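One structure below.
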Amino acid sequence: MSHPASVSAGLELDERRQAMLKAMGVELWWQPRPLNPLKGEPKGVTAAALPQTAAGPVTPTPVAAEQAPVPAPATRQVEPVPAPEPTLAWTPAQPPSSAPAPRAPQIAAPQGAVQGLADAAPSWHLAPAQALYAAAGDSAAESAGGNWLLVVDDPAELGDDAEQARRLLDNMLRAMGLYGQSRIWCSWTRKAPADGLASVMATELIAQVTPAVVLVMGRASAQQLLQTREPLGVLRRARHQLGSLPVVVTYSPNYLLRAAHAKAGAWQDLQRAMALLGGSAAG
1 MSHPASVSAG
11 LELDERRQAM
21 LKAMGVELWW
31 QPRPLNPLKG
41 EPKGVTAAAL
51 PQTAAGPVTP
61 TPVAAEQAPV
71 PAPATRQVEP
81 VPAPEPTLAW
91 TPAQPPSSAP
101 APRAPQIAAP
111 QGAVQGLADA
121 APSWHLAPAQ
131 ALYAAAGDSA
141 AESAGGNWLL
151 VVDDPAELGD
161 DAEQARRLLD
171 NMLRAMGLYG
181 QSRIWCSWTR
191 KAPADGLASV
201 MATELIAQVT
211 PAVVLVMGRA
221 SAQQLLQTRE
231 PLGVLRRARH
241 QLGSLPVVVT
251 YSPNYLLRAA
261 HAKAGAWQDL
271 QRAMALLGGS
281 AAG
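Going by UniProt numbering, the sequence shown opens with residue 1, and the numbers climb by one from there.
Written out as structure tokens, the structure is:
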């Protein structure tokens, strides 16, 4: 019996005969099967599944150099905005300097402006002094303390409230221990001498009364007697003299009727006036 290998070696068929046998369904079992070029590969892996290498020249894929690189968006550099300087609510301490600080120049008002201001101001007049309590009898105790000269804003300027201002003046003098005494002289300060009385000067009042102290009550009275335009608050805090005669400035009864909160300050002024005569003025 022939070996299959020898049979296969003797049956070399040409392509035509192999095609005829395939058409008849005859398997050419003696034809050697082509060896699997991918021997040792796991089952299920076919050549189609493997990446195929083209035999021809490989067309290179355009490299990234052909594509213009997209530049990264430029980062916008924001310059820092300086914070606003804080408003200084106080003046920082400065190093000591030997040179004195320059003074601000004082600008004098034009003479015409000063004259116009004076013309616009109301004209005040000092009435001759009268004994405030003319009916009171003289006594040695009253005369020992010396006379008082009061220069007071006229209560008649208040109209219907004039009587209340006069009573308030009485109460102030009562608190000082001077109520009803004949040594109390008063000169009313008025806008115009409507009663026909002539306006007098401070020197004339002093010569008439020869007081030991002058108590001025009200802004108009103080400015007219002292010949100044300083406000009443400044005049109250300052010391005044007419010659060698002490002068004390305080609020008027007219003002105290509308500003009760100022009564405490007025009482301090009255005490200062009494202290000029050596304590209590009571007779």
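Beta carbons are placed, not taken as given, at the ideal position from N, Cα and C, and that holds for glycine. These numbers were taken from a predicted model, which means no experiment stands behind them.
Contact set for residue i: own chain, Cβ-Cβ below 7 Å, skip 5 residues either direction
{"i": "A121", "result": "Per-residue confidence for A121 stands at a pLDDT of 47, beneath the threshold of 50, marking its modelled position as unreliable; no derived number is given."}
{"i": "V63", "result": "Bear in mind that a pLDDT of 49 at V63, under 50, signals an unreliable position, so the model cannot answer this."}
{"i": "A266", "result": "T250, Y251, L256"}
{"i": "L168", "result": "P253, L256, L257"}
{"i": "Q224", "result": "W124, L126, T189"}
{"i": "Y179", "result": "D170, L173"}
{"i": "N147", "result": "R183, W185, V209, T210, P211, A212"}
{"i": "A165", "result": "P155, L158, P253, N254, L257"}
{"i": "D14", "result": "none"}
{"i": "R16", "result": "none"}
{"i": "R229", "result": "Q223"}
{"i": "A259", "result": "none"}
Residue nearest to residue i in terms of C-alpha spacing, selected from the options
{"i": "G145", "options": "Q224, Q181, A238", "result": "Q181"}
{"i": "L132", "options": "V209, L226, R272, K22", "result": "V209"}
{"i": "A134", "options": "C186, A207, P155, A23", "result": "C186"}
{"i": "A129", "options": "L173, P211, L21", "result": "P211"}
{"i": "M201", "options": "S221, R272, I184", "result": "S221"}
{"i": "G243", "options": "T203, Q268, R272", "result": "T203"}
{"i": "A238", "options": "G159, R272, A165", "result": "R272"}
Local conformation of residue i per DSSP, three classes
{"i": "T228", "result": "coil"}
{"i": "S187", "result": "strand"}
{"i": "L242", "result": "strand"}
{"i": "V200", "result": "coil"}
{"i": "A93", "result": "Its pLDDT being 36, under 50, A93 is placed unreliably in this model, and the coordinates cannot settle the point."}
{"i": "A156", "result": "helix"}
{"i": "L173", "result": "helix"}
{"i": "A129", "result": "coil"}
{"i": "L178", "result": "coil"}
{"i": "A19", "result": "helix"}
{"i": "A162", "result": "helix"}
{"i": "D14", "result": "coil"}
8 Å contact criterion, which residue i and residue j should meet: CB distance rounded
{"i": "D161", "j": "M217", "result": "Actually they do not touch by this definition, with Cβ atoms about 16 Å apart."}
{"i": "E157", "j": "N254", "result": "7 Å"}
{"i": "V213", "j": "L276", "result": "5 Å"}
{"i": "I184", "j": "L245", "result": "16 Å between Cβ atoms; not a contact."}
Contacts around residue i, its chain only, beta-carbon distance under 8 Å, and the 5 residues preceding and following it disregarded
{"i": "P231", "result": "R219"}
{"i": "Q241", "result": "V247"}
{"i": "Q268", "result": "none"}
{"i": "A264", "result": "none"}
{"i": "A262", "result": "Y251, Y255, L256"}
Unbroken alpha helix (DSSP H) run spanning residue i, endpoints
{"i": "W148", "result": "Counting along the chain, W148 falls outside any alpha helix (DSSP H), though it belongs to the beta strand (DSSP E) covering 147–153."}
{"i": "L270", "result": "263–275"}
{"i": "Y255", "result": "253–258"}
6 Å Cβ shell around residue i - same chain, five flanking residues per side excluded
{"i": "V151", "result": "S187, V216, S221, L225"}
{"i": "L117", "result": "For L117, the predicted model reports a pLDDT of 37, less than 50, meaning its position is unreliable; a value from the coordinates is still stated below. Hits under 6 Å: none found."}
{"i": "M20", "result": "none"}
{"i": "R236", "result": "V249"}
Span of the beta strand (DSSP E), counted from its first residue to its last, around residue i
{"i": "A212", "result": "211–217"}
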